[in-house]
Amino acid sequence: MRDFISQFLGISALAGVLGLVFLYTTAVYGATVNVDMLNKRADGAKMVYAEDIIKVNKGDTVNWLPATKGHNVEFIGVPKGVKKIKKSKLNKKYSYTFDVPGIYLYQCTPHKAMGMIGLVIVGNDVSNKNAIAKAKVLGKSKKKLKKLLGGL
Ligand SMILES: [Cu+2]
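Note that our numbering has the sequence shown beginning at 1162, numbered continuously upward.
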């Protein structure tokens, strides 16, 4: 009986530890962030993503949602080691899971000259900031990119 109890307690403790590990890893990795693609944001900005800068952990997924029509996601600057990411279709939800730390720069293809750009910063890593600053952005997006990077 004593053996049974100690075995039971052992298994319970193990299950508890595994449960905590599971909770911890799902809290740190594999989180999901939703970002609306908007014609107009609450602050009055037009043709924008709901967040200009999204900060996530390695392993997190960002969903861009077609809250309003005519937008997409096209990456134009990524950290070294990231394979080219295909641009998303207009009016469609788009998901990407970030496995490589660093700054990612993306734009909306139709509104790329109207300041519809955004950054994703993975794992608080801003070491590729200078490379991102050299990415080719158009029109209003030039000033906006400078401002966003200046705040990092
Ligand atoms: Cu757009």
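All C-beta atoms in this analysis are idealised placements derived from N, C-alpha and C, irrespective of residue type, glycine included.
{"query": "On the criterion of 16 or more Cβ atoms from any shown chain inside 10 Å, does residue 1179 qualify as buried, or is it exposed?", "result": "Note on residue 1179: pLDDT 49, under 50, position unreliable in the model; no value is reported."}
{"query": "Alpha carbon to alpha carbon, how far is residue 1268 from residue 1191?", "result": "24 Å"}
{"query": "Is any heavy atom of ligand 1 found at a distance shorter than 6 Å from the C-beta of residue 1227?", "result": "no"}
{"query": "Taking C-alpha atoms, which residue in 1283, 1292, 1306 and 1308 lies nearest to residue 1218?", "result": "1283"}
{"query": "In the region 1223-1280, which residue ranges form an unbroken beta strand (DSSP E) of at least 3 residues, counting only runs that do not cross its ends?", "result": "1235-1238, 1255-1258 and 1263-1268"}
{"query": "Please state whether the Cβ-Cβ distance between residue 1263 and residue 1289 is less than 7 Å.", "result": "yes"}
{"query": "Would you please state the rounded distance, in angstroms, between the beta carbons of residue 1215 and residue 1279? I believe it to be under 8 Å.", "result": "7 Å"}
{"query": "Verify whether the separation of the beta carbon atoms of residue 1266 and residue 1293 is less than 7 Å.", "result": "yes"}
{"query": "Could you pull out every residue in the same chain whose Cβ sits closer than 7 Å to the Cβ of residue 1229, ignoring the five residues on either side in sequence?", "result": "1198, 1199 and 1200"}
{"query": "Within this structure, are the beta carbons of residue 1281 and residue 1261 separated by less than 7 Å?", "result": "no"}
{"query": "Sort 1196, 1287 and 1301 by Cα distance to residue 1310 and report the nearest one.", "result": "1287"}
{"query": "Pick helix, strand or coil for residue 1218, following the three-state DSSP scheme.", "result": "coil"}
{"query": "Between the alpha carbons of residue 1255 and residue 1274, how many angstroms are there, rounded?", "result": "21 Å"}
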